[in-house]
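Contents: one structure, followed by commentary.
2 protein chains.
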Amino acid sequence: MPRTRSQSRATLVDSAMKAFWRIGYHAVSIGDLVRETGVSRGGIYSDFSGKQELFHACLDRYQDSVVTPVFAPVEADGTGIDGIRGYLDNLITGFEATEGFGIGCLVGNTLTQIDPSEDATRKKLEDHCTRLFNGFRKALAHDNQANRVLSDTELDDLARFTMISVQGLWSYSRLTDDAATLRRYADTLIATLEQRLRGLPT
Amino acid sequence: MPRTRSQSRATLVDSAMKAFWRIGYHAVSIGDLVRETGVSRGGIYSDFSGKQELFHACLDRYQDSVVTPVFAPVEADGTGIDGIRGYLDNLITGFEATEGFGIGCLVGNTLTQIDPSEDATRKKLEDHCTRLFNGFRKALAHDNQANRVLSDTELDDLARFTMISVQGLWSYSRLTDDAATLRRYADTLIATLEQRLRGLPT
DNA sequence: AAGTTATTGGAACGATCATTCCAAAACAAG
DNA sequence: CTTGTTTTGGAATGATCGTTCCAATAACTT
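If you're matching them up, the sequences are chains A and P in order. According to the numbering used here, the first sequence is numbered sequentially starting from 1. According to the numbering used here, the second sequence is numbered sequentially starting from 1001.
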């Protein structure tokens, strides 16, 4: 089914992003992208110099159209652990809406697929992780403000812990179709953060 | 440089495993494997029906030659959180010995690269996760025996939390060359487990 | 409507993929 | 050494890869 040009072009990166996300950078072919985006080879190569540049555009779009809508509440001023809880809840609710296994996180998936010497790609992944770290850091710092239980260094550690743990959650979501398992993981993580903000018993 | 037959065959799966591990299932070619294993195409296809069967053999070998040596202490009788701490410490020490970025965990990497409908492959990944879960579960239960702070369900949750968090750690190790960051993550995880076993303040 | 420009779909290309095949080399048995 | 069996290295194969190219078509201008 042919589409109009504006339709095709507007959804090119979106559809390509989903294909890269689900299938993986190396496993997805230009033929797959032509089929799934509805844009011809000529169209793709007139907008992007090649597969890698299109993929980079997809990584950027992933930030805007996937990460930001669900993570912005965590980054907002005045948000604490409740924001993190809501973030995880939203993600798992989204997982429940899909049939079967999850597709994880595009960034986390890409991490294990690219050669780390590809600096441009790796930088985009690092930026994503830094973004998550900063968001979590800010939210944790908000709830730490009252009692000052944690030092700055401890806040750093806990924020990085949260960021990396969430990556593990999305990795694992590709292996299970059971949302309850993911939810228990999220609950455990949130309980852990709350406990740390209350202070370690001596 | 030619090798004797027995040498080649003994190291075929080992070398192939490392190539799959570092480069990824789809990105590694038979030509790569020929070069890195020192076994010719004929040799590879006389022992294995194809790339996938060789890969499955690599996943099995990964369990025996990589996971078991470092994880058996966690699975041993009489081991508690100390075993988990030693396990993480060994892994990070190994990471420090390598130059530059890590290569993560073969299972975790594969998770994001295969189509979940490939049942045979997915089952091997599930088995790995179950193994880690059971090992962590047993170690946590050991330390829970004294005060019975956690219920069976809570032990399940904490063991799964540990398993998934460790997957996140290995995912992230592909993005950093700084062992200290990984070590802080491990310390935070261990502190979390110890705190949970001490009980949540009410 | 006619002429000009922009975009399309898909054929074509060289490279590389996983896999097959086989003559030559290495080995074992007498 | 001779014969028979295994194993080897790499050429050959068909499929598919990312990329290029262009005649045909759509869109825009006047």
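Even glycine gets a Cβ: it sits at the ideal position worked out from N, Cα and C. It should be emphasised that the depicted structure is a prediction, and the values quoted were computed from it without experimental measurement.
Asked                                                                                                                                                              : Found
Under 8 Å between beta-carbons, which chain A residues line up against P:Pro1116? List them in chain order, please.                                                : Gly100, Phe101, Arg174 and Leu175
So which residues of chain P does A:Tyr185 contact, with C-beta pairs closer than 9 Å?                                                                             : Asp1157, Arg1160, Phe1161, Ile1164 and Ser1165
Would you please state the rounded distance, in angstroms, between the beta carbons of P:Gly1168 and P:Gln1113? I believe it to be under 8 Å.                      : P:Gly1168 to P:Gln1113, Cβ: 17 Å. No contact.
Spell out whether any CB of chain A is found under 8 Å from the CB atom of P:Glu1126.                                                                              : yes
Assuming P:Thr1079 contacts P:Ala1159 under a Cβ cut-off of 8 Å, what Cβ separation, rounded to an integer in Å, is found between them?                            : With a Cβ gap of about 13 Å, P:Thr1079 and P:Ala1159 do not count as contacting.
In chain order, what residues of the same chain lie with their CB nearer than 7 Å to the CB of A:Thr202, ignoring the 5 residues before and after it?              : Its pLDDT being 49, under 50, A:Thr202 is placed unreliably by the model, and nothing is read from it.
Say whether chain P places a C-beta atom closer than 8 Å to the C-beta of A:Pro2.                                                                                  : Because A:Pro2 carries a pLDDT of 38, less than 50, the predicted location of this residue cannot be relied on, and the following value inherits that uncertainty. It does not: the Cβ of A:Pro2 has no partner Cβ on chain P nearer than 8 Å.
Helix or strand or just coil, what does DSSP make of P:Asn1147?                                                                                                    : coil
Would you mind giving the Cβ-Cβ distance between P:Arg1022 and P:Ile1103, rounded to the nearest angstrom? I have them listed as a contact below 8 Å.              : 5 Å
Give me the Cα-Cα distance between A:Ile237 and A:Asp143, rounded to the nearest whole angstrom.                                                                   : No answer is possible for residue 237 of chain A: it lies beyond the span of chain A, which begins at 1 and ends at 202.
State buried or exposed for P:Ala1072, treating a residue as buried only when at least 16 other CB atoms are found within 10 Å of its CB.                          : exposed
For a cutoff of 8 Å on Cβ pairs, would you count P:Asn1147 as touching chain A?                                                                                    : no
By how many angstroms is the C-alpha of P:Phe1048 removed from the C-alpha of P:Met1163?                                                                           : 32 Å
Identify the continuous alpha helix (DSSP H) that holds A:Phe101 and give its terminal residues.                                                                   : Element bounds for A:Phe101: n/a, residue is neither H nor E.
Would you give the residue range spanned by the alpha helix (DSSP H) that P:Pro1116 belongs to?                                                                    : Per DSSP, P:Pro1116 belongs to no alpha helix (DSSP H) and is neither H nor E.
Pick out whichever of A:Gly50, A:Asp60, A:Gly94 and A:Gly31 has its Cα sitting closest to the Cα of A:Leu125.                                                      : A:Asp60
Taking the alpha-carbon of P:Arg1131 as reference, which of P:Leu1182, P:Ala1076, P:Val1028 and P:Gln1195 has the nearest alpha-carbon?                            : P:Ala1076
By the three-class DSSP mapping on this structure, what secondary structure does P:Phe1136 have?                                                                   : helix
Between A:Thr202 and chain P, is any beta-carbon pair separated by less than 8 Å?                                                                                  : Any reading at A:Thr202 must be qualified, since the residue scores a pLDDT of 49, below 50, and its modelled position is unreliable; no value is offered.
Could you check where the alpha helix (DSSP H) with A:Phe55 kicks off and where it finishes?                                                                       : Lys51 to Tyr62
From P:Arg1003 to P:Leu1033, what does the alpha carbon distance come to, in whole angstroms?                                                                      : Unreliable placement is indicated for P:Arg1003, whose pLDDT of 44 sits below 50; no coordinate value is reported for it.
Apart from the five residues just before and just after A:His56, which ones in its own chain have a Cβ nearer than 8 Å to its Cβ?                                  : Ala120, Thr121 and Lys124
Below 8 Å between beta carbons is the criterion; list the residues of the segment 20 to 34 of chain A that meet it against any residue of chain P, in chain order. : Ile23, Gly24, His26 and Ala27
Let's see if you can read the secondary structure: which residues bound the alpha helix (DSSP H) around P:Tyr1185?                                                 : Ala1179 to Arg1198
For A:Ser171 and A:Phe20, I'd like the C-alpha separation in whole angstroms.                                                                                      : 15 Å
Contact check, P:Ser1065 vs P:Glu1036 under 8 Å by CB: the rounded distance?                                                                                       : Rounded, the Cβ-Cβ distance is 16 Å, inconsistent with contact.
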